[in-house]
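Residue numbers (our numbering): 1229 to 1624.
Here is the structure we will look at.
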Amino acid sequence: MINEGYKAMLGGKSVIRELSEYATRRGAEIGYENVFDFSLGNPSVPAPDDFTRTMVDLYEHGDPVAIHGYSPSLGIPSVCATIAELLNRRFGVPYEAHHIFPTTGAAGALSHAMRAVTKPGDEIITFAPYFPEYQPYVAGTGAKLTVVPADTANFQINFDAFEAALNANVQAVLINTPNNPSGAVYSAETLTRLSAILAAKQTEYGHDIFLISDEPYREIVFDGGEQPYPARFYSNTLTCYSFSKSLSLPGERIGYVAVNPRATDADLLVAMMGQISRGTGHNCPPSSIQLGVAKVIDETSDLSVYETNMNLLYDALTSLGFEVVRPGGTFYIFPKALESDATAFCLKAKEYDLILVPSDSFGVTGHFRMAYCVDTEKVKRSIPALERFVREQYGR
Ligand SMILES: Cc1ncc(COP(=O)(O)O)c(C=O)c1O
């Protein structure tokens, strides 16, 4: 018999994917250049030339058996050592190779981190607005996801609501900074307060509470700023990283979990993740890509275009009277819609070939997300469409 649970999920497909598919269909009708598709978080800048050269060199001169062979189930040791050394150098956390677990992107990292520190029936807390895929990621582990309502004033953490949600069944707290969809960068103050609350609750409940920190946008921070490193603030942190956005490699499916060496059972967790892989099937990410990213570990794509696009949109949106928190990073902006029904707002925008994502699936009402990982030229051309939409539909 087929699995009724997965069958039921067919009725609730990703809104973002559906909008993106609509944009592609509309593009076939009127030319994709005329569709202002702000739906999908697919990087718009190429991977660094050094990455391409590294891969060409690897394929031309490397040992084909090793390059195309299975990687060890805990990752290629030299790759893990390179990542550990980078994190140590950048953030002053003393990782060693055996604290690093290469994965298939951040999605793979999260699925291993969650399973390592929860069991079915446990509770994981996250904060709105959140990446909608957290729902299926957590559902797949058998744990329950509790969403703390947003602090819509600045998209940091609503601490009163967080403290009210905490209970002894919570084994993990899942954060994402810089944040998809709000673009917020959690401040050192936010991380200090979060970590103090978690430390106190660990003592009160008599068990560990792990912080699972999802950081695929770590490198995309604006105004010359930096994302304070969450694992520096809290020992029981599992950092989930991805090269999808920083190196523009989402299709290569490569990331890692970094287990804070100060965490409880830090020396066991990566080995446990190796066991988890046997069940999830997300084992042994491609050897060639592990070797490739390790060679360019200090590089990123040219990410500056995202800041350019953010400034263009932020200025346009604020001058049109939108309420919007200025993003500190990522390639998303999350303004308040001009009516309380975000879906109705986005449906109206579609008439102007503006593809915006309503906020409901991010756990917040009355907002919309724009993913501005698109050509700057297109962002500029979208502004008159945005102006016409707002004028004709809302008289502004
Ligand atoms: C917040 C967040 N977490 C995780 C992921 C998954 O990343 P990956 O494609 O590297 O698996 C994404 C992808 O967009 C994301 O935005």
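Using N, Cα and C, we set each Cβ at its ideal position, and we do this for glycine too.
If you're wondering where the values come from, they're calculated on a predicted model, not measured in any experiment.
Pair within 8 Å by beta-carbon distance, residue i and residue j
i: I1328; j: A1341; result: no
i: M1449; j: P1406; result: At residue 1449 the sequence reads Val, which differs from the Met that was named. Taking 8 Å as the Cβ cut-off, V1449 and P1406 qualify as a contacting pair.
i: V1553; j: F1383; result: yes
i: P1513; j: P1330; result: yes
i: V1533; j: L1475; result: no
i: Y1457; j: A1337; result: no
i: D1495; j: C1468; result: no
i: V1321; j: R1506; result: no
i: I1403; j: F1355; result: yes
i: H1510; j: T1252; result: no
i: E1351; j: Q1399; result: yes
i: V1413; j: G1453; result: yes
Close beta carbons around residue i, own chain, < 7 Å, minus the five adjacent residues each side
i: L1477; result: A1275, F1471
i: L1422; result: I1385
i: D1379; result: I1385, N1386
i: A1599; result: F1266, S1267, L1268, G1269, F1559, Y1560
i: C1601; result: G1269, N1270, P1271, S1272, Y1534, F1559
i: Y1580; result: A1613, R1616, F1617
Exposure label - residue i; buried when at least 16 CB within 10 Å
i: L1426; result: buried
i: Y1234; result: exposed
i: I1482; result: buried
i: R1343; result: buried
i: K1473; result: buried
i: T1582; result: This sequence places Leu at residue 1582; Thr is not what is there. Buried, by the Cβ-count rule.
i: R1490; result: exposed
i: V1401; result: buried
i: Y1362; result: buried
i: Y1260; result: exposed
i: R1446; result: buried
i: T1310; result: buried
i: Q1455; result: buried
i: H1435; result: exposed
Same chain only: Cβ atoms within 8 Å of residue i, ignoring 5 sequence neighbours per side
i: S1587; result: P1357, P1409, F1562, A1565, A1570, T1593, G1594, H1595, F1596, R1597
i: I1295; result: L1286, Y1287, S1515, S1516, L1519
i: S1248; result: D1265, S1267, L1268, I1583
Simplified DSSP state of residue i, which is helix, strand or coil
i: Y1433; result: helix
i: N1404; result: strand
i: C1601; result: coil
i: G1259; result: coil
i: I1385; result: coil
i: T1558; result: coil
i: E1468; result: The sequence as given places Cys at residue 1468; Glu does not occur at that position. Three-state DSSP puts C1468 in a strand.
i: E1351; result: strand
i: I1517; result: helix
i: L1422; result: helix
i: I1295; result: helix
i: V1273; result: coil
i: K1241; result: coil
i: D1265; result: strand
Chain-order list of residues whose beta-carbon lies under 6 Å from that of residue i (same chain, five-residue window excluded)
i: P1555; result: G1411, M1538, I1561
i: Y1622; result: L1566
i: I1611; result: A1544
Any non-hydrogen atom of ligand 3 within 7 Å of residue i CB
i: F1264; result: For the structure depicted, ligand 3 is absent and the ligand set comprises only ligand 1.
Any contact between the region 1291 to 1311 and the region 1456 to 1466? By contact I mean 3 or more CB pairs, one from each, below 8 Å. no
Please confirm if the region 1525 to 1542 is in contact with the region 1283 to 1294, defined as three or more CB-CB distances below 8 Å between the two stretches. no
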